[in-house]
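Q:
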Amino acid sequence: MTFWHLSPAAMAFAVAALLAGGLIRGYSGFGASLVWVSCLCLVLPPPAVIPSTLLLEIASSVTLLPKSWPDAHRPSVRWLLAGALVGLPIGIWFLSALPERATRLTVGLVVGISALALAFSRRTRRLPGPAACGGMGTAFGILNGACGMGGPPVVLMYLASPLPMAVNRASLVVFFLAADSMTVATAGTSGLLTAAVLGQTALFLPIALTGIAAGTWLYHHAHGDARRIVLGILAVLSLALVGQAVAS
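The working numbering puts the first residue of the sequence shown at 14, with every later residue one more than the last.
1) Okay, do the stretch 14 to 34 and the stretch 223 to 232 touch, 3+ Cβ pairs below 8 Å being the bar?
2) Around the C-beta of residue 92, are 16 or more other C-beta atoms found within 10 angstroms, so that it is buried, or is it exposed?
3) Tell me the rounded alpha-carbon separation between residue 90 and residue 153.
4) So, with DSSP's three-state summary, where would you put residue 203?
5) If you compare alpha carbons, which of 204, 54, 80 is closest to residue 256?
6) Since residue 137 and residue 173 are thought to touch, with beta carbons under 8 Å apart, how far apart are those beta carbons, to the nearest angstrom?
7) Just how far apart, CA to CA, sit residue 232 and residue 80?
8) Out of 15, 191, 150, 110, point me to the one whose CA is closest to residue 82's CA.
9) If you reduce the DSSP assignment to three classes, tell me which class residue 18 lands in.
10) Do residue 69 and residue 217 come within 7 Å of each other at the CB atom, strictly closer than that value?
11) Can the beta-carbon of residue 147 be found less than 7 Å from the beta-carbon of residue 228?
12) For residue 120 and residue 170, which I take to be in contact (beta-carbon distance under 8 Å), what is that distance rounded to the nearest angstrom?
13) Which residue marks the beginning of the alpha helix (DSSP H) containing residue 318, and which one marks its end?
14) Let me know if residue 187 comes out buried or exposed under the rule of 16 or more other beta-carbons within 10 Å of its beta-carbon.
15) To the nearest angstrom, how far is it from the Cα of residue 61 to the Cα of residue 177?
16) Using C-beta distances below 6 Å, list every residue in its chain close to residue 16, excluding the 5 sequence neighbours before and after it, in chain order.
17) With DSSP as the reference, label residue 194 as helix, strand or coil.
18) Tell me the rounded alpha-carbon separation between residue 200 and residue 194.
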């Protein structure tokens with residue numbers, strides 16, 4: 014089942030989710046997948062959602078890359094990518110093997126744990142070393158392949174780092190572009206990129222990019238902290254997904 018099989022109300026919900034995820038991504042450099050996957054999995058099966066989300070993440074990063082590339086912290090990005098290469102095949106296997114209910118429950122738990130971790134994260138004096146970065150990259154690979162939401166370990170690492178916000182945001186954009194491209198390539202070899210999914214993604218793309226453009230404008234013109242709003246949204250989505258998985 015894809016977007017075209019939804020009721021009008023479910024379609025409207027999906028469009029709102031795409032705009033909201035794009036807005037958060039454009040503003041903070043992260044968070045789109047958490048919103049997109051958790052919302053869309055409420056109305057669509059995970060195998061139809063996760064490949065589309067990965068493709069949208071790539072498109073999102075491409076639009077943000079020109080201004081992000083000069084500021085990115087390249088050493089940490091390289092070690093994260095090395096770890097992601099190890100974890101991706103494992104995650105893709107889980108996506109293919111797990112039943113829909115188990116995937117929904119996993120997504121809900123990942124979103125909830127991510128919200129708690131972001132709420133209680135604290136800044137450190139320095140970035141983790143190569144081994145720790147590689148381990149976080151591996152965790153990203155497993156989560157990204159299995160449920161399209163590998164970002165939390167990497168986001169937490171950068172949010173807790175002493176680097177300036179602009180460097181953190183730029184590093185996330187560069188990393189997500191490379192890592193999501195690897196994930197899509199791996200998913201393609203597993204037969205998850207069907208014609209229906211690609212057509213659905215083409216429909217989703219302009220909606221998501223509209224949200225990203227609005228979020229980027231806010232990033233350059235607003236000076237508030239969106240973390241509390243994002244955490245509130247994630248907490249509600251986590252409860253909805255876990256509840257749906259348990260009730261089904």
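Think of the CB as a built atom: it goes at the ideal place given N, C-alpha and C, for glycine as much as any other residue.
None of these values were measured; they are calculated from a predicted model.
A: The relevant details are as follows:
1) yes
2) For this step, residue 92 is matched to residue 79 along the sequence shown. Classification for residue 92: buried.
3) As a working mapping, residue 90 is identified with position 77 in the sequence shown. As a working mapping, residue 153 is identified with position 140 in the sequence shown. Each residue's Cα considered, the two are about 12 Å apart.
4) Translated into positions along the sequence shown, residue 203 becomes position 190. Here residue 203 sits in coil by DSSP.
5) Here residue 256 refers to the residue found at position 243 of the sequence shown. Of the residues 204, 54, 80, the one whose Cα lies closest to the Cα of residue 256 is 54.
6) Here residue 137 refers to the residue found at position 124 of the sequence shown. Here residue 173 refers to the residue found at position 160 of the sequence shown. Their Cβ separation, rounded to whole angstroms, is 5 Å, which keeps residue 137 and residue 173 in contact under 8 Å.
7) As a working note, residue 232 is residue 219 in the sequence shown. As a working note, residue 80 is residue 67 in the sequence shown. Here the alpha carbon of residue 232 sits roughly 13 Å from the alpha carbon of residue 80.
8) If you number the sequence shown from 1, residue 82 lands on position 69. Looking at the Cα atoms, 191 is the closest of the given residues.
9) Stepping through the sequence shown from its first residue, residue 18 is reached at position 5. Correct three-state label for residue 18: helix.
10) Here residue 217 corresponds to residue number 204 of the sequence shown, with the count starting at 1. Here residue 69 corresponds to residue number 56 of the sequence shown, with the count starting at 1. It is a contact, given that the beta carbons lie within the stated cut-off.
11) If you number the sequence shown from 1, residue 147 lands on position 134. If you number the sequence shown from 1, residue 228 lands on position 215. In this structure, residue 228 does not lie closer than 7 Å to residue 147 by Cβ.
12) As a working mapping, residue 120 is identified with position 107 in the sequence shown. As a working mapping, residue 170 is identified with position 157 in the sequence shown. With a Cβ gap of about 21 Å, residue 120 and residue 170 do not count as contacting.
13) With the chain covering only 14 through 261, there is no way to say anything about residue 318.
14) In the sequence shown, the residue the question calls residue 187 occupies position 174. By the 10 Å Cβ count, residue 187 comes out buried.
15) Indexing the sequence shown from 1 puts residue 61 at position 48. Indexing the sequence shown from 1 puts residue 177 at position 164. Cα to Cα, the separation comes out at about 37 Å.
16) Residue mapping note: residue 16 aligns to position 3 of the sequence shown, counting from 1. Answer for residue 16: 213, listed in chain order.
17) One-based indexing of the sequence shown puts residue 194 at position 181. Correct three-state label for residue 194: helix.
18) Here residue 200 refers to the residue found at position 187 when the sequence shown is read from its first residue. Here residue 194 refers to the residue found at position 181 when the sequence shown is read from its first residue. When the Cα atoms are used, residue 200 and residue 194 turn out to be separated by approximately 10 Å.
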